[in-house]
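Structure first, commentary second.
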Amino acid sequence: MFIKNYFYVSADFNINDKCMVISETLNRKNEYMNEVFYDLYKDEIESFNTSGRTALLYIGGAGEHHSLSRNFNLSPKGVMPVKSQLGYVASKTAKRIGNISYLSINSNACASSMFALKEAYELLQSDFDNVIIYGEEWVEEVELMLFAQHKIDLVCSDGFFILHLVKDPINTIAQIDKPTWIWNEDKSPFEVSKDGYIKAMEKFKDYQIDRIKTHGSGTAQNNLAENEAIKEVFGNVIPTTEFKSLVGHSQGISTGLEICMLLDNFTDENILVNASGLGNFYGSCYVRV
Amino acid sequence: MRVDNLEFINKILTTENAKAIKEEDLLTNSELDSFGYAILFIELDEKFGGFDKEYLNNIDYKTYTMKDLLDRIGNVY
Chain X
1 MFIKNYFYVS
11 ADFNINDKCM
21 VISETLNRKN
31 EYMNEVFYDL
41 YKDEIESFNT
51 SGRTALLYIG
61 GAGEHHSLSR
71 NFNLSPKGVM
81 PVKSQLGYVA
91 SKTAKRIGNI
101 SYLSINSNAC
111 ASSMFALKEA
121 YELLQSDFDN
131 VIIYGEEWVE
141 EVELMLFAQH
151 KIDLVCSDGF
161 FILHLVKDPI
171 NTIAQIDKPT
181 WIWNEDKSPF
191 EVSKDGYIKA
201 MEKFKDYQID
211 RIKTHGSGTA
221 QNNLAENEAI
231 KEVFGNVIPT
241 TEFKSLVGHS
251 QGISTGLEIC
261 MLLDNFTDEN
271 ILVNASGLGN
281 FYGSCYVRV
Chain S
1001 MRVDNLEFIN
1011 KILTTENAKA
1021 IKEEDLLTNS
1031 ELDSFGYAIL
1041 FIELDEKFGG
1051 FDKEYLNNID
1061 YKTYTMKDLL
1071 DRIGNVY
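Heads up: the sequence lines are chains X and S, in that order. Residue 1 is where the first sequence starts when you use this note's numbering, and the numbers rise one by one after that. Residue 1001 is where the second sequence starts when you use this note's numbering, and the numbers rise one by one after that.
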């Protein structure tokens, strides 16, 4: 499949050493995430209207993004129960983009957008002409608490991206091939393993690879597991790149956001893109920029 | 007041990605979806009251116009 168009916004403001946000959202965190991003990027979002049979894969992140129930002392009231439904948010997003005949909701935590790429690949191999992947994520107190509780040392961040994928290569920017998605039986859902990364990457062992975009969550345990897996599958000869030290870990949307960043930063390269996610999910795909 | 209420309702409709309509139009002409109806009637009930389950269950959408909606608000308010 091919990338025809993309748009993204990454975190640009450090709150502290655990949290980066998109500065435009800074004073709007008590609103609905989807409404805030639509308000900020309306023109860009509506420019992704397509012709031909089109699917929308919506990556919505944690339920709290769509709810004013963040404060559990408050009773649900008014329209909040409706607006807290991912189905409502995704349906609204589909209408804004228009011409959507298939809608899928994806909230698989840290590797959601890699799963979305796999689903897009399968849809484009069937009878779809276009797939729009729409991912949005922002920092919530409950996420910071989750990472603190489990002593996962990473920088949680906001992020937003849209990828327009097509099967026809005419007028396209880059190619994405063979997105892989596996679940590995690791000892803990909060830890990644060398074994999981190897299983996701091994089908690319004989590919021409100029660079690996690592998942690179920044935690010592993740970095060690991923680097050891790369060394075992490919040896030590392939340069690696990571973005989370620059823009934080935007969780479910990080793979999509970082593919957009690859498009802006590299040309004429074959890049293996890695992802892993809470719950022992792993994925890789091959990107020609 | 009626003009303000019409504007208020049309603001909800357009926010829910439906079309603004006039008094004589059927409410269904707005192309509001099911989630949108939920939002509309919750918002109207919160602001004006009178949109309880009994009233909503007796709406005939084949004939229900914006005028009917405004009349309901007018009668309750």
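From the three backbone atoms N, C-alpha and C, an ideal C-beta is built for every residue, glycine too.
Scanning its chain for C-beta atoms nearer than 7 Å, with the 5 sequence neighbours on each side dropped, one finds around X:N184 the residues S193, D195, G196, K199, N280, Y282, in chain order. It is roughly 5 Å from the alpha-carbon of X:I271 to the alpha-carbon of X:I212. Taking all protein chains shown into account, S:D1004 has fewer than 16 neighbouring C-beta atoms within 10 Å of its C-beta and is therefore exposed. Looking at the DSSP output, X:F160 bridges to X:V9, X:E136. Taking 8 Å as the cut-off between beta carbons, the residues of the region 1018 to 1042 of chain S near chain X are D1033, F1035, A1038, I1039, I1042, in sequence order. Around the C-beta of X:Q251, 16 or more other C-beta atoms lie within 10 Å, and the residue is accordingly described as buried. At least one CB of chain S lies nearer than 9 Å to the CB of X:K83.
Within the same chain, and ignoring the five residues on either side of X:Y41 in sequence, the residues whose Cβ sits closer than 8 Å to its Cβ are F7, V9, F160. The beta-carbon distance between X:M261 and X:S157, rounded to whole angstroms, is 13 Å. This is too long to meet the 8 Å contact definition. In terms of Cα proximity to X:C110, the closest of X:Y286, X:N171, X:I253 is X:I253. Per DSSP, reduced to three states, the secondary structure at X:F281 is strand. Neighbours of S:E1046 across chain X, judged by C-beta separation under 9 Å: K77, G78, V79. The secondary-structure analysis by DSSP pairs X:H150 with nothing; it has no beta-bridge partner.
Of all residues in the region 10 to 36 of chain X, none has a C-beta nearer than 8 Å to a C-beta of chain S. The DSSP-derived three-state label of S:F1035 is helix.
Against chain S, the beta carbon of X:K95 has neighbours under 7 Å at N1017, listed in chain order. Here the region 44 to 63 of chain X makes contact with the region 118 to 137 of chain X; the two share three or more CB pairs at distances below 8 Å. Neighbours of X:S91 in chain S, taken as residues at a C-beta separation under 8 Å, are given in chain order as D1033, F1035. In the structure shown, the three-state DSSP call for X:H215 is coil. When the Cα atoms are used, X:S84 and X:H66 turn out to be separated by approximately 5 Å.
DSSP links X:Q175 through a beta bridge to X:F2, X:R288. Chain-ordered, the chain S residues with CB closer than 7 Å to the CB of X:Y88 read F1035. For X:C110, there is no enclosing beta strand (DSSP E), as DSSP gives it neither H nor E.
About 7 Å separates the beta carbons of X:N171 and X:K4, which is inside the 8 Å limit, making them a contact pair. Rounded to whole angstroms, the separation of the alpha carbons of S:A1018 and S:E1031 is 5 Å.
Straight-line spacing of the CA atoms in S:G1074 and S:D1068 works out to 10 Å. Cβ-Cβ separation between X:K231 and X:L144: approximately 33 Å, too far for a contact (criterion under 8 Å). Around the beta carbon of S:E1024, a 10 Å sphere encloses fewer than 16 other beta carbons of the protein chains shown; the residue is thus reported as exposed.
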